[in-house]
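Which chain is which? The protein sequence lines are R and G, in order.
Per our numbering, residue 1 is the first one in the first sequence, and the count goes up by one each step.
Per our numbering, residue 1 is the first one in the second sequence, and the count goes up by one each step.
Only one structure is covered here, and it is reproduced in the block below.
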Amino acid sequence: MNLRKLALTASLGAVVLSSLATASAVAAEAKEQFFPALVYRTGAYAPNGTPWANGYIDYLKLVNAKGGINGVKVVFEECETGYATDRGVECYERLKGKHGGATVFQPLSTGITFALTEKAPKDKIPLITAGYGRSESSNGAVFTWNFPLLGTYWVGADVAIQYIAKQLGGVDKLKGKKIALVYHDSPYGKEPIAVLEELAKKDGFEVQLLPVAHPGVEQKATWLQIRQSRPDYVLLWGWGVMNSTALREAQATGYPRDKMLGVWWSGADPDVKDVGEGAKGYSALTLQDGADSNSKIVKDILAAVHAKGEGTGPKDEVGSILYMRGLISAMLGVEGVRKAQERYGKGKVMTGEQVRWGLENLNLDQATLDAMGFAGVMRPVQTSCLDHMGSSWVRIRTWNGKKWETTSDWFQADDKTLRPMVMLASGKYAEDKKLKPRTPEECNK
Amino acid sequence: MLYRENGQFKTSYAADQQIFPIAQDRWAIIGILVFAFVAVPLLVDEYLFRAILIPFLILSLAALGVNILVGYCGQITLGAGAFMAIGAYAAYNFHIRIEGMPLLVSLLLGGFTTAVVGIFFGIPSLRVRGLYLAVATLAAQFFTDWVFLRIPWFTDNSSSGSVSVSNLHVMGWQINNPVSKYLFCLGFLTIFALLAKNMTRSAIGRQWMAIRDMDVAAEVIGIRPLFAKLSAFAVSSFFIGTAGALWGFVHLASWEPAAFSVDRSFQLLFMVIIGGLGSIMGSFFGAAFIVILPIALNQILPVVGDLTGIEISTAGISHAELIIFGGLIVFFLIKEPHGIARLWSTGKEKLRLWPFPH
Chain R
1 MNLRKLALTA SLGAVVLSSL ATASAVAAEA KEQFFPALVY RTGAYAPNGT
51 PWANGYIDYL KLVNAKGGIN GVKVVFEECE TGYATDRGVE CYERLKGKHG
101 GATVFQPLST GITFALTEKA PKDKIPLITA GYGRSESSNG AVFTWNFPLL
151 GTYWVGADVA IQYIAKQLGG VDKLKGKKIA LVYHDSPYGK EPIAVLEELA
201 KKDGFEVQLL PVAHPGVEQK ATWLQIRQSR PDYVLLWGWG VMNSTALREA
251 QATGYPRDKM LGVWWSGADP DVKDVGEGAK GYSALTLQDG ADSNSKIVKD
301 ILAAVHAKGE GTGPKDEVGS ILYMRGLISA MLGVEGVRKA QERYGKGKVM
351 TGEQVRWGLE NLNLDQATLD AMGFAGVMRP VQTSCLDHMG SSWVRIRTWN
401 GKKWETTSDW FQADDKTLRP MVMLASGKYA EDKKLKPRTP EECNK
Chain G
1 MLYRENGQFK TSYAADQQIF PIAQDRWAII GILVFAFVAV PLLVDEYLFR
51 AILIPFLILS LAALGVNILV GYCGQITLGA GAFMAIGAYA AYNFHIRIEG
101 MPLLVSLLLG GFTTAVVGIF FGIPSLRVRG LYLAVATLAA QFFTDWVFLR
151 IPWFTDNSSS GSVSVSNLHV MGWQINNPVS KYLFCLGFLT IFALLAKNMT
201 RSAIGRQWMA IRDMDVAAEV IGIRPLFAKL SAFAVSSFFI GTAGALWGFV
251 HLASWEPAAF SVDRSFQLLF MVIIGGLGSI MGSFFGAAFI VILPIALNQI
301 LPVVGDLTGI EISTAGISHA ELIIFGGLIV FFLIKEPHGI ARLWSTGKEK
351 LRLWPFPH
């Protein structure tokens, strides 16, 4: 085939295909609530991104198996971001208008969240960032479309210090201690620094900042520094392959794993499984309880989705920590729609603006959660127009060499420290962007 | 038959030396410009603007810059991503630190700052060349990564290291919707492309090409390598820096240093190699190839899967995208090592003879 023919066929093919693509998109327009799914199943963070995505999709399948949200079927479409911000923005643009408009975006990347925070208000689509994203976005007066439900990194940092203080026997014992933060060198890893520095000032401990470059497989220098400076505790703020690498390096340098504490993104099965015994004693925060493989919701998924051969991932993954976090994230979005339907009409398709109202008035008490099968997985969440985080229930989980064990009581973030910081940071954001924060009266419009 | 310059007589030097000496080319270019400025905003939807056209325009501008340095002056650079970052952060700092700074001035100052830094990183080119220079420019990449991650002043002490801009406007024209962003970038690209084309046709461009073809010989005939090489670095960095500022301000609106990682540098270098070294047109072809093809593949593959009844998983699509994209790069490099621009000019030669090739 000569070049001209090749070019001709290629361009003809492209035209035919693109027209087909639009045709199929038009055909799908019916009474459906569209949940776009920004996922990453490839790249350096795929081991952690994949179970999250599977949980997210499986829950949406379960909702459909149970008849939808008050009869409204859920449609979903995946788009691969590879954890890259520019691809994430492309996916957002691609999906936001499909199937009658996106309900809610959950990018599972702090970098993408930052980029979408600028775009969501114009498109009027809420962003749920359960356990990640911008910490100051819990102030709903300024960040009207962001929902860092269940917890932010500032909550994580605060609870981590609370836990360390408890281990030491009191907040006063923190004085003169040295705490190192080994973090992923991206907006994600940098989020906790502000809180740690604030607390260090207050409680008199010293923070040592040790950044690790993407993707985090090269940490020799970092751990040499730790061996030199011998911090009393190491906080791990990693993602993907960085977590298991850090644990291996800790083992190699002989840093005690029971003095290491990870954030909730550093405390899942892929992080410790391969290290096995070497990670024994390592603890991590939990976001809510998160995972309970005997909970009703897990059985529901297995019965209604996996038993029919429609499971998104492998069966034994159901109930694992990241899988359940994806599932919870999907549930929060779906419940936002359900709440919105209470006000704007049951059995109707909700717009992004209506879903925002739903998310702002979310009130999942323990009875509701238990009825949905989330007993042992989640604690109550109640949001408001000004508080977009809801609640912040955190526990500590410790790896015993074979599995995770819950080893602490419930913690909640200390509002006395965090609230002024959130107000200050969001105030600065509003000032930079020349935004007028919403007043409580505007909330119920 | 249609594309033939028979009967077009040039009666002045000006007519002989214009950018497009053939009337059909001139009309085609005017047609394309009118289409891009007038028709595209009326026809295209928001997704195409935001996800494809705006990145394409900005990266074309950056590719132009890289092409000036690599294609015209023969100095290999792996620091293009770094220069984009410098442009973006410099423009950001000018924009937020000086009250009432006009957007255009911020962007151009971003470009100028990059030019200065570019000259600095160009100094090694006076001593080392080829692959060694590539390694030296790679240092620029790692240096800027470090600077923007570690020195909080550059990111206005933002706790996460991510910065953002908003309320962009030029003399009362709000740049907030996709059409205005597109037109803004297109305006930049048109002016810069014209500048680049003319620069490469003038004395300075000929100096660059002389240095590229054989620097010793160029020196013998009286070209100063210091001036020629550093001016190429300055002009190229200016283009890349302005593109970086546009990428941050107009395309992303909120960015962190990872947006300008070493991957971006490689991407820009691939653009000019695939598009065509030493060709303005080639920069556009290369940018189109690298920006549009992966996204197009990503969208077409599931449709192909549907047609043939195979459901391809998201991960499968992503892997296939990389495989096909990589395969096409190899195909083009084997079939046409001089880049897509050469295919274009071969095509034009053929068109001149058509329909009687003998």
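We treat Cβ as the ideally placed atom computed from N, Cα and C, and that holds for glycine.
- In the three-state scheme derived from DSSP, where H, G and I count as helix and E and B as strand, arginine 395 (chain R) is classed as strand.
- From the beta-carbon of glycine 161 (chain G), the residues of chain R found nearer than 8 Å are Ser186, Pro187, Lys190.
- Within 10 angstroms of the beta-carbon of valine 38 (chain G) lie fewer than 16 other beta-carbons, which makes it exposed.
- Excluding its 5 nearest sequence neighbours in each direction, valine 272 (chain R) has C-beta neighbours in its own chain below 6 Å: Ala279, Trp399, listed in chain order.
- With a cut-off of 8 Å on Cβ pairs, the region 399-411 of chain R is not in contact with the region 310-320 of chain R, counting fewer than three such pairs.
- The three-state secondary structure of glutamine 288 (chain R), taken from DSSP, is coil.
- Around the beta carbon of lysine 339 (chain R), 16 or more other beta carbons lie within 10 angstroms, which makes this residue buried.
- Interface residue (Cβ-Cβ distance to chain R less than 9 Å): asparagine 167 (chain G) is classified as such.
- A direct Cα-Cα distance of roughly 26 Å separates leucine 252 (chain G) from tryptophan 52 (chain R).
- Within the same chain, and ignoring the five residues on either side of glutamate 197 (chain R) in sequence, the residues whose Cβ sits closer than 8 Å to its Cβ are Val207.
- The criterion of a C-beta distance shorter than 9 Å is not satisfied by alanine 371 (chain R) and valine 263 (chain R).
- An exposed status is given to arginine 97 (chain G), since fewer than 16 other beta-carbon atoms sit within 10 Å of its beta-carbon.
- With 16 or more other CB atoms across the displayed protein chains lying within 10 angstroms of its CB, threonine 144 (chain G) is buried.
- Less than 9 Å separates the beta-carbon of valine 394 (chain R) from that of alanine 413 (chain R).
- Listed in chain order, the beta strand (DSSP E) runs fully inside the region 47-134 of chain G amount to none, counting runs of at least 3 residues.
- Residue R:Thr144 holds the alpha-carbon nearest to the alpha-carbon of proline 126 (chain R) among R:Ser138, R:Arg134, R:Thr144.
- Taking 7 Å as the cut-off between beta carbons, none of the residues of the region 136-148 of chain R comes near chain G.
- Distance check between serine 293 (chain R) and each of R:Glu32, R:Gly55, R:Pro36 places R:Gly55 closest, using alpha-carbon atoms only.
- The three-state reading of DSSP puts methionine 389 (chain R) in coil, since its state is none of H, G, I, E or B.
- Note on glutamate 431 (chain R): under 16 other CB atoms within 10 angstroms of its CB, so exposed under the neighbour-count rule.
- Note that the C-beta distance between serine 229 (chain R) and aspartate 258 (chain R) is not below 9 Å.
- With a 10 Å radius around the Cβ and a threshold of 16 neighbouring Cβ atoms, arginine 224 (chain G) comes out exposed.
- The shortest CA-to-CA distance from phenylalanine 121 (chain G) to any of G:Phe142, G:Leu108, G:Ser106 is the one to G:Phe142.
- When secondary structure is reduced to three states using DSSP, methionine 423 (chain R) falls in the helix class.
- Around the CB of valine 330 (chain G), fewer than 16 other CB atoms lie within 10 Å, so the residue is classed as exposed.
- Between glycine 276 (chain R) and glycine 240 (chain R) a beta carbon distance of about 18 Å is seen, past the 8 Å cut, so the two are scored as non-contacting.
- Bounds of any alpha helix (DSSP H) do not take in methionine 260 (chain R); it lies within the beta strand (DSSP E) bounded by 260-262.
- Interface criterion met: the Cβ of proline 55 (chain G) is under 9 Å from a Cβ in chain R.
- Of all residues in the region 284-302 of chain G, the ones placed with a Cβ closer than 8 Å to any Cβ belonging to chain R are Ile295, Ala296, Asn298, Gln299, Ile300, in chain order.
- Here alanine 367 (chain R) is exposed. Its C-beta has fewer than 16 other C-beta atoms within 10 Å.
- Boundaries of the alpha helix (DSSP H) around tryptophan 52 (chain R): 46-65.
- For the pair phenylalanine 205 (chain R) and lysine 166 (chain R), the CB atoms are not nearer than the 9 Å cut-off.
- Between threonine 308 (chain G) and chain R, the shortest Cβ-Cβ separation is not below 9 Å.
- Among the residues of the region 91-102 of chain G, those with a Cβ less than 8 Å away from any Cβ of chain R are Ile96, in the order of the chain.
- Per the coordinates, the alpha-carbon of alanine 304 (chain R) lies some 7 Å from the alpha-carbon of alanine 65 (chain R).
- Less than 9 Å separates the beta-carbon of isoleucine 396 (chain R) from that of leucine 261 (chain R).
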